[in-house]
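For reference, the structure is listed below as structure tokens.
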Amino acid sequence: MICIVARGQVVINVEGHVVHLTDILYVPDANTNLISVWALANNGIHVTFESDKAHLEWPDSYNDPKRCIFSHNFIHEWCGHPGRDKTRMIEKLYKLKIKPDNCQVCAAGKSMKAQMGQSSRECAKSLMELIHVDLAMHFSMMMEFTCLLVAIDDASSFTYVKPLQAKSDALQVLREWI
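At position 62 of the sequence shown (counting the first as 1) the number is 62 in the UniProt record's numbering, and the numbers step up by one without a gap.
Rendered as structure tokens:
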């Protein structure tokens, strides 16, 4: 049985294109992010798969249709940094060939294990009882945001991510979210 905890909307930036996704389902037990190609097509977006990448093309009311190419790195990142087994499953399911790459996030995740406090290692029993917060800074990517606020609910593993223009915005964003 799949347990859906929340439904909402999200705005993502895909290689310079702002993409609004609606009817997003939060499923804490899911170990990967999925985007419905059928839902994209129903919203006028054309999806084309090649052996090593996927193309999205959507009409723009002012210009010719814009193209966005999803590279191996993009697919790897937005699928939640899957390991070898999940990558093989994605390759087989979508008939793609994802080249192994040196992902810095995966390397950092494998090199250390962060402990969230010195407690008895018991998980929180109710939602929002214990929230782990981190402020990631110094992006190597060129973007308008200087840091990224990440908050994880201990009980549900719900992850809230918000790009910030300044580190000083973190407290206000947390107050609004909670």
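Built from N, CA and C at the ideal position, the CB exists for glycine as well.
Checklist entry - Going along the chain, which residues of its own chain have a beta-carbon closer than 8 Å to the beta-carbon of P28, five neighbours each way excluded? => result C3, V5, S156, S157, F158
Next on the checklist: Spatial neighbours of T48 within its chain, please: C-beta separation below 6 Å, excluding the five flanking residues on both sides.
Outcome noted: H55
Next on the checklist: Can you give me the C-alpha to C-alpha distance between R84 and E91, rounded to a whole angstrom?
Outcome noted: 10 Å
Checklist entry - Which value, in whole angstroms, describes the spacing of the CA atoms of K129 and L135? => result Looking at the sequence provided, one finds Glu at residue 129 rather than Lys. Cα to Cα, the separation comes out at about 20 Å.
Checklist entry - DSSP on E57, reduced to helix/strand/coil? => result strand
Item to check | CB contact flag (L164, T146, <8 Å) | outcome: yes
Next on the checklist: What would DSSP say about K162, mapped onto helix, strand or coil?
Outcome noted: strand
Checklist entry - Which whole-angstrom value is the C-beta distance of L127 and D153, which I expect to be below 8 Å? => result 6 Å
Checklist entry - When DSSP builds the beta bridges, which residues end up paired with H20? => result V11
Checklist entry - From what residue to what residue does the beta strand (DSSP E) around V133 run? => result 131-137
Checklist entry - The beta strand (DSSP E) spanning L149 covers which residue range? => result 147-153
Checklist entry - Ordered along the chain, which non-local residues of its own chain (more than five positions away) have a Cβ less than 6 Å from that of H20? => result V11
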